[in-house]
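> Each residue of the sequence shown is one higher than the one before, counting from -4 in my numbering.
Just so you know, even glycine gets a beta-carbon here, dropped at the ideal spot from N, CA and C.
As the structure is a computational prediction, the values presented were derived from the model and not from experiment.
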Amino acid sequence: MRKIEMVDLRGQYKNIKTEIDESIQSVIDTAAFVKGGKVTEFQQHLESFLGVKHVIPVGNGTDALQISLMALDLKPGDEVITPTFTFIATAEVVALLGLTPVLVDVDPNTFCMSVDSLKRVITPKTKAIVPVHLFGQNADMEQILSIAKENHLYVVEDACQSIASRYTFSDHTSCMSGCMGNIGCTSFFPSKNLGCYGDGGAIFTNDDDLAEKMRSIANHGMSVRYHHDRVGVNSRLDSIQAAVLDVKLKYLMEYTQKRQAAADFYTQSLQTIKELKLPTIGPNTSHVFHQYTIRVLNGRRDELQQYLKENEIPSMIYYPIPLHMQKAYANERYGVGDFPVAENLSKTVLSLPMHTELDEEQLQYIVSVIKKFFQNPC
Ligand SMILES: *Cc1c(COP(=O)(O)O)cnc(C)c1O
């Protein structure tokens, strides 16, 4: 059996090596390493894949979030609501811009922003909501968008883990993840569902004015060369990364189906283990399984992780500490106990190997080891 990896980027590369190598070589041949034609080609291909008017390629997913918030012209002290159970970047950019991150708890089934908690924290200072489509499924966007509309709030989607996931509204229209709010952000970090061979990210929007503003912010606040209308940053996707992404985008639906098939296998095989809670897919969304995250309900999560490790199966805890319990975000607003769902998740979640190259033998082996663990009494 091949060694089991959490993410198998080498195996994936082997299958598309010729195409990737040619695409990278074409960039080297033209020497257009920054702002080259490859970036524009990829941008256009991604726009049509997503059915969104504007894709703005940037340096990474964190920059995508930061540039999005910069474009909203918020004032210091304005409040931005985001879940406490996410990767730090989501709240980090809010804090960096002098805005106030207001954290909310998550739904115990989908791990995405709890709509009830969201409703409770809206104040006259609230200006934006940043839902995170965690692990590959969309947050409850129909409700979030309607709350945003009622309260005149911007919605910036963190779609770093959910590219190619689809959300269906009650009127039967559907949208790709990241294309529902005012702005959507994604990351092309190597291990993401559409990953490059370094850092990369993109911003999505259907709003022409916001698109123009964000393009300018990503390019030193410039619209006409050497005329700086606003304070910006330097954040761009380089051409070699675009060359990789343009090839991989063609395979994204196939890759997504492979992840979903691996997830189905896990779910079919593990559903009889009563000590486990398997991923639940929320209503109206598809799940692209950036992570397949189980919950160990009998307090033996760390023990299971150790047992898997002894049997050469990697696993990860995303995320071990919710944001409200992080030192850098300590705040008189909240303390331990304030977000019971997130706190419980941080103690019970375990993400199993999930990628496009998992074969049946590996999957069989992983579930057999998990089953064996639960046959042993504590
Ligand atoms: C990966 C990720 C980011 C940050 O993306 P980078 O490209 O690493 O900057 C932000 N939010 C979430 C939820 C992520 O998973």
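Which of helix, strand or coil does DSSP assign to GLY196?
Numbered from its first residue, the sequence shown carries residue 196 at position 201. Of the three classes helix, strand and coil, the one that applies to GLY196 here is strand, per DSSP.
> Any idea if LEU376 is buried or exposed, counting beta-carbon neighbours within 10 angstroms, 16 or more meaning buried?
Absent from the model: residue 376. The displayed extent of the chain is -4 to 373, so no value can be given.
> Any idea if ALA66 is buried or exposed, counting beta-carbon neighbours within 10 angstroms, 16 or more meaning buried?
Translated into the one-based positions of the sequence shown, residue 66 becomes position 71. Its Cβ being crowded by 16 or more others within 10 Å, ALA66 is buried.
> Quick one, which of PRO309, TYR192, ALA256 and ALA258 has its alpha-carbon nearest ASP233's?
Here residue 233 refers to the residue found at position 238 when the sequence shown is read from its first residue. Comparing Cα-Cα distances from ASP233 to each of PRO309, TYR192, ALA256 and ALA258, the minimum goes to TYR192.
> Looking at the unbroken beta strand (DSSP E) that takes in GLY179, where does it start and where does it end?
The residue labelled residue 179 in the question sits at position 184 within the sequence shown. Here the beta strand (DSSP E) through GLY179 covers 178 to 182.
> Find the nearest neighbour of LEU140 within the set PRO126, GLN132 and ALA27, judged by alpha-carbon distance.
As a position in the sequence shown, residue 140 is number 145, starting the count at 1. Nearest option by C-alpha distance: PRO126.
> Quick one: complete beta strand (DSSP E) runs, 3+ long, within the stretch 100 to 140?
Taking only runs of at least 3 residues, the beta strand (DSSP E) segments lying wholly in the stretch 100 to 140 are 121 to 124.
> How long is the line joining the alpha carbons of GLU249 and GLN236, rounded to whole angstroms?
Position 254 of the sequence shown, counted from the first residue, corresponds to residue 249. Position 241 of the sequence shown, counted from the first residue, corresponds to residue 236. GLU249 and GLN236: Cα-Cα distance of roughly 20 angstroms.
> In the DSSP assignment, find the alpha helix (DSSP H) that holds VAL226 and state where it starts and stops.
Here residue 226 refers to the residue found at position 231 when the sequence shown is read from its first residue. Here VAL226 belongs to no alpha helix (DSSP H), and DSSP marks it neither H nor E.
> Determine the extent of the beta strand (DSSP E) in which LEU345 is found, giving its start and end residues.
The count along the sequence shown starts at 1 and reaches residue 345 at position 350. Counting along the chain, the beta strand (DSSP E) containing LEU345 begins and ends at 344 to 347.
> Can you list, in chain order, the residues of its chain with a C-beta nearer than 6 angstroms to that of THR51? Leave out the 5 residues immediately preceding and following it.
Taking the first residue of the sequence shown as 1, we reach residue 51 at position 56. A small correction: the amino acid at residue 51 is Ile; Thr does not occupy that position in the sequence shown. Cβ neighbours of ILE51 beyond the five flanking positions: ILE198, MET209 and ARG210.
> Below 8 angstroms on the Cβ atoms is my contact criterion, and I expect ALA123 with VAL47 to pass it. Report the Cβ-Cβ distance as a whole number of Å.
Taking the first residue of the sequence shown as 1, we reach residue 123 at position 128. Taking the first residue of the sequence shown as 1, we reach residue 47 at position 52. In fact, because the Cβ distance is near 19 angstroms, the residues do not count as touching under 8 angstroms.
> Does the beta-carbon distance from SER363 to ILE289 come in below 9 angstroms?
Looking up residue 363 in the sequence shown gives position 368. Looking up residue 289 in the sequence shown gives position 294. Result no, Cβ atoms of SER363 and ILE289 do not sit closer than 9 angstroms.
> Going by DSSP, which residues form a beta bridge with ASN146?
Taking the sequence shown and counting its residues from 1, one reaches residue 146 at position 151. Paired residues: none, contrary to the question.
> Would you report the Cα separation of LEU273 and LYS144, rounded to the nearest angstrom?
Against the sequence shown, residue 273 aligns to sequence position 278. Against the sequence shown, residue 144 aligns to sequence position 149. Taking the straight line joining both Cα atoms gives about 34 angstroms.
> What residues match up with CYS170 in a beta bridge as DSSP calls it?
Your numbering for residue 170 matches position 175 in the sequence shown. TYR162.
> Examine ligand 1 and report whether any of its heavy atoms sits within less than 8 angstroms of the Cβ of PHE184.
What you label residue 184 is simply residue 189 of the sequence shown in a count that begins at 1. Because some heavy atom of ligand 1 lies under 8 angstroms away, the Cβ of PHE184 counts as near it: yes.
> Taking ILE212 as part of the beta strand (DSSP E), name the residues at either end of that continuous run.
Here the question's residue 212 lines up with position 217 in the sequence shown. Not the beta strand (DSSP E): ILE212 falls in the alpha helix (DSSP H), residues 203 to 213.
> Which residue or residues does DSSP assign as beta-bridge partners of ASP153?
If you number the sequence shown from 1, residue 153 lands on position 158. ASP153 pairs with VAL127 and CYS180.
> Less than 8 angstroms separating the Cβ of LYS243 from some heavy atom of ligand 1?
As a working mapping, residue 243 is identified with position 248 in the sequence shown. Incorrect: LYS243 has no Cβ contact closer than 8 angstroms to ligand 1.
> What residues in its chain sit with their C-beta under 8 angstroms from that of LEU244, if we drop five residues either side in the sequence?
Your numbering for residue 244 matches position 249 in the sequence shown. Closer than 8 angstroms at Cβ, skipping near neighbours: PHE37, HIS40, LEU41, PHE44 and LEU189.
> Would LEU98 and PRO119 qualify as a contact pair, given that the criterion is a beta-carbon distance under 9 angstroms?
Here residue 98 refers to the residue found at position 103 when the sequence shown is read from its first residue. Here residue 119 refers to the residue found at position 124 when the sequence shown is read from its first residue. Cβ atoms of LEU98 and PRO119: not closer than 9 angstroms.
> Since VAL364 is in the alpha helix (DSSP H), which residue starts that stretch and which ends it?
The residue given as residue 364 occupies position 369 in the sequence shown. Per DSSP, VAL364 belongs to the alpha helix (DSSP H) from 355 to 370.
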